[in-house]
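Taking our numbering, the leading residue of the sequence shown gets 968, the next gets one more, and so forth.
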Amino acid sequence: MTRKKVKLAFIVNDAARKATYKKRKKGLLKKVDELSTLCGIEACAIVYSPYDPEAVVWPSPLGVQRVLSRFRNMSEMEQGKKMMDQETFLKERILKAKEHVRKQKKDNREKEMALLMFQCLDVGELVQKNMNISDLNDFVWLIDQNMKNVGRRLETLDENAQTHVIAPSQVQMVPPALAIAKNEEMTMEDHFHGYGLHMNADTLQRQWYTNVVNSNGDQTMPLGDANLQNGFWVNPLP
C-alpha cells in the first residue's frame, strides 16, 4: 500500500500540528545523524518551536558552535552559494514541474502525430481533412524525422555489407619471380619422377654433399646415367 501524499500546507488543527511536529522533528534529527555518519561530514541542527521550552540542538551545543564557527569564517559569497530558503526551494520546484509538463506535452504530441501517420499509411490517404497549420507542420516534421532515421539505418546496413566484401587489394598475389621459381621446381620434380625418383633437386644435392664429406672429398658428382640406380643424380639431358 502506497503512502498518501502529504499536502504541504499549514496544519490548522493544534493537536494534529503538535503530533506532526514531534514526528517530523524526530525524523529530521535521525536523518542528520545518518548523513553525518554515512558521509563523514560535519552537520548540525537547531529547532525552535512553541512546544519545547528550549531549542533542540544536534549533536550538542559544542558541536553546533563548531559548525557555525566554520560557516562564519567563510566569505559571504561562499556562504550564500548554496543557501536556500523556503521561497527559493518552492521556485525551483515550480520550474522543475513546468519543465516536466513541457516534456510530457511534447511526448504526447509526437505520439498523437505518429498515430495519425500510421492511420494514413493504413488507409493510403490523409485521414483528417481539417488539420490546421500547426498540425500539418508537426505532421510533416514527424514524417521527415522518420525518413531521416530510415536513411541512416540504410547507410549503416550498406557500411556493414561493404566490410564483409573482400577488396581486390586484399587478394594475395604471387610475385612473378616466385611463380617462375615454383614452376621450375615443379618441372625438375616432374623430370626426376620420369626416372622413377621421388626426390627433388635440393634433396639430391644435399645427399651428394653428405656423401662427399663422408668420403673425404674422393667422390665426384656423377654425370649421365652412371649412378641412376643409386639415386644420386641424373643426366639433365637425356
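Just so it is clear, CB atoms sit at the ideal spot from N, CA and C, and this is done for glycine as well.
Quick one: does residue 988 have its CB under 9 Å from some CB of chain B?
Any reference to chain B falls outside this structure, which holds one protein chain only.
Within 10 Å of its beta-carbon, does residue 1106 have 16 or more other beta-carbons around it, so buried, or fewer, so exposed?
As a working note, residue 1106 is residue 139 in the sequence shown. Buried is the call here.
If you check the beta carbons only, do residue 1077 and residue 1109 fall under 9 Å apart?
In the sequence shown, the residue the question calls residue 1077 occupies position 110. In the sequence shown, the residue the question calls residue 1109 occupies position 142. Contact flag set, yes.
State yes or no: is the C-beta of residue 1023 within less than 9 Å of the C-beta of residue 1012?
The count along the sequence shown starts at 1 and reaches residue 1023 at position 56. The count along the sequence shown starts at 1 and reaches residue 1012 at position 45. Yes, these two residues count as a Cβ contact at 9 Å.
Based on DSSP bridge pairs, tell me the residues matched to residue 1013.
Reading the sequence shown from its first residue, position 46 is the one you call residue 1013. For residue 1013, which the question treats as bridged, DSSP gives the partners 1024.
Note down, in chain order, each residue of its chain lying with its Cβ closer than 7 Å to the Cβ of residue 985, except the 5 sequence neighbours on either side.
By one-based count along the sequence shown, residue 985 stands at place 18. Cβ neighbours of residue 985 beyond the five flanking positions: 1018.
Between which two residues does the alpha helix (DSSP H) holding residue 1073 run?
Along the sequence shown, read from residue 1 onward, the residue named residue 1073 stands at position 106. Element bounds for residue 1073: 1053 to 1090.
Keeping to the same chain, check which residues put their C-beta closer than 6 Å to that of residue 1141; ignore five residues upstream and five downstream.
The residue labelled residue 1141 in the question sits at position 174 within the sequence shown. Summary for residue 1141: the model assigns pLDDT 49, below 50, so the residue's position carries little reliability; its value from the coordinates is reported in the next sentence. Here the set comprises nothing.
Distance between residue 1048 and residue 1002 (C-alpha atoms, nearest Å)
For this step, residue 1002 is matched to residue 35 along the sequence shown. For this step, residue 1048 is matched to residue 81 along the sequence shown. Taking the straight line from one Cα to the other gives about 21 Å.
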